[in-house]
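Here numbering that gives the first Met the number 0 is used: position 426 in the sequence shown is 425, and no number is missing along the way.
Yeah, the Cβ is synthetic: ideal placement off N, Cα and C, and Gly gets one too.
Only a predicted model underlies this, so the values are computations on that prediction, with no experimental measurement involved.
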Amino acid sequence: MDVAVVGATGDVGRQVCTQIVERRVLPPTARLQLVGRAGGASGRAVHGLRADLVDAYDEHAPLLDVAHSPEDVTADVIVVAAGLTPPARTGADPDRRVLAATNGAVLAEYADAIARHGSGHEVVVVVTNPVELGVAVMAERLGRHRVLGMGAWLDTLRFRRELAVELGVRRHRVGGFVGGQHGEDAVPLWSTVRVSGLDADERARAVAALRRGRTLDALPDEIAAAKTELARVAAEDMGAAFDLIDTWPADLRLVTRPWMTHQSGAKTPAGTASATVDLLEVILDGREIVVAGQVALDGELDGRFDGKLSGPDGAPHRGVLGVPVVLGPGGWTRVLLDDLPDDEASGLAHAADGVGRMVAASTVPRDDDRPAGRERAGTGAPVPGASTATGDRAPSGRAGAEAAWVATVHGLDQPGTLTALTGVFSTRGVSFDSLATEPVDDDGRAGRIVVTFRATPRRTRALERAVRRLATVRSVTVEPAPGTEFSQGGPAR
């Protein structure tokens, strides 16, 4: 399977690419596509990033491919980490409205391109903030089960670490999830906490001690007060601010520690990338595991929270929210969440309301003319092509009649060239009618591969661009197969 990282040269994107290679998530015959923007700094930097990764990890690096436009993104799993990031400096609180207004257009552009030119089976992991908006935009166009936001998983790992530190154990011994909205509206689901080696009674006593007699109802006010106090202390001594965080309860530390980390100027790219790569490993390994993630819900939570998450007039809740889900190679399949205590249910309902308002104010209209489908996540308003509970795949909108084509590829004679070529075709949903290799030339360094296939003219142009971008390809020409004629209305045979 192949992976593409959109925004590969940003703080998080670069870390994601590095960890994919360093942790050997992809074998040397797989392809990692580094996506930048043509004409900008990232369009130049992706070439340097590719060279740097080869320098560092040549012995086991996957095939590294460069792309410069949304239409050229092609992979089985796509990480979206492009867009504006909040300023990392003391006193600069991120404005999610600004992030939503700026990043919504970027997210929509890539989502529309993937919907038009992709195979219809890509799994998308959204990193770009606001992650809930990214999930809403992508799910609307691609199908909700193929899109997962990583924010709730990052919050979950942070929560488990805070619990582990206080319990004096390693993080892998602690279970439990965080739901809601990524950031200050994250909801620590204390009722899901488990600790390896503790029975039910011991676990209950441990959790009660960790919570210090508090409920989640007080957490929003505690966060606001904590941020004010941290800003005051950090103005004099940043180290003292982090020492102060260590004295607070685990769920308050969950929110304030990353906030203070960002305020310090360090940002959080390493932890964000590590959580993202965790999810990639699950998808690529073909196994199923329970994680937390932002997903587009379609009534899965109704009946569990005494109506707190029902929509207007008791309609099923539809919207993006962080919840525990089963994740596998095709995306997420189902929500795994039992009935919750009142404070956790109220926290999720509050977060869902906030996400719904943000998405309703920010969602960018799609740029195609596909027929209308279900409701836009979080708004109840009809949108084109949104997924349904029984059929996730949105209409493709791929115009034009199919015709027969012949592609002649001049590629390097080395392991992985054929794999990269077939990967581009498979992730575009196009099969070979035939494939033949011709004798090696160019002093034994390169050879020709001739492929025949059927596709629409638009998809063929996208394939040609994607193949041309492969690092192992010197040149490619695509022509109509003999006997194929083109008329004004399209190809005719």
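In this structure the segment 466–486 lies against the segment 400–414, because at least three pairs of beta carbons, one per stretch, are closer than 8 Å.
The segment 180–187 and the segment 345–354 touch, with no fewer than 3 CB-CB distances between them shorter than 8 Å. Taking a cut-off of 8 Å on C-beta distances, the segment 253–264 does not touch the segment 99–108, as fewer than three cross pairs fall below it. Straight-line measurement puts the Cα of Ala7 at about 21 Å from the Cα of Glu58.
Distance from the CA of Leu218 to the CA of Leu229, rounded to the nearest whole angstrom, comes to 16 Å. Secondary structure of Arg36 (DSSP, three-state): coil. Inclusion of Val2 and Leu326 in the CB contact set at 8 Å is not warranted, their separation being larger than that value. Rounded to whole angstroms, the separation of the alpha carbons of Val192 and Val206 is 8 Å. Assignment of Val79 by DSSP, reduced to helix, strand and coil, places it in the strand class. Boundaries of the alpha helix (DSSP H) harbouring His261: Ala249 to Gln262, taken from the DSSP string. The three-state reading of DSSP puts Gln14 in helix, counting H, G and I together.
DSSP places Leu411 in the strand class (E or B) of the three-state scheme. Contact check for Ala37 against Ser68 passes: the beta carbons are separated by less than 8 Å. When DSSP states are grouped into helix, strand and coil, Ser361 belongs to the helix group. Within the segment 139–178, the runs of alpha helix (DSSP H) at least 4 residues long that lie entirely inside it are, in chain order, 150–166.
Contact check for Val4 against Val20 fails: the beta carbons are separated by 8 Å or more. Short of 6 Å from the beta carbon of Val449, and not among the five residues preceding or following it, lie these beta carbons of its own chain, in chain order: Thr407 and Ala435. In this structure, Ala224 and Ala233 do not form a Cβ contact; the two beta carbons are roughly 15 Å apart against a cut-off of 8 Å. Residue environment: Thr246 is assigned as exposed (fewer than 16 neighbouring CB atoms within 10 Å of its CB, all protein chains considered). Judged by pairs of C-beta atoms under 8 Å, the segment 196–212 does not touch the segment 335–345, as fewer than three such pairs exist. Val173 and Arg159 do touch by the CB rule: their CB atoms are close to 5 Å apart, below 8 Å. Around the beta carbon of Glu437, fewer than 16 other beta carbons sit within 10 angstroms, so the residue counts as exposed.
Taking C-beta atoms under 8 Å as the contact rule, Val72 and Gln32 qualify, at a distance of about 7 Å. Per DSSP, the unbroken beta strand (DSSP E) holding Asp432 starts and ends at Phe431 to Thr436.
By a beta-carbon distance limit of 8 Å, Gly318 contacts Gly355. Their separation comes to about 5 Å. The Cβ neighbour count for His116, taken over all protein chains shown within 10 Å, is at least 16; the residue is labelled buried. Classified as exposed, Arg231 has fewer than 16 neighbouring CB atoms from the shown chains inside 10 Å of its CB. Judged by DSSP secondary structure, Glu463 falls within the alpha helix (DSSP H) whose first and last residues are Pro456 to Arg468. With distances taken between CA atoms, Ala480 lies nearest to Ala402 out of Gly212, Leu339 and Ala402. By the Cβ neighbour-count rule, Ser361 is buried, with 16 or more other Cβ atoms within 10 Å of its own. Note on the segment 318–364: whole alpha helix (DSSP H) runs with a minimum of 4 residues are 341–361, in chain order. When rounded, the separation of the alpha-carbon atoms in Ser41 and Leu320 is 31 Å. Judged by DSSP secondary structure, Thr421 falls within the alpha helix (DSSP H) whose first and last residues are Thr416 to Thr426. Under a 10 Å Cβ-count criterion, Asp297 is classified as buried, with 16 or more other Cβ atoms of the shown protein chains found around its own Cβ.
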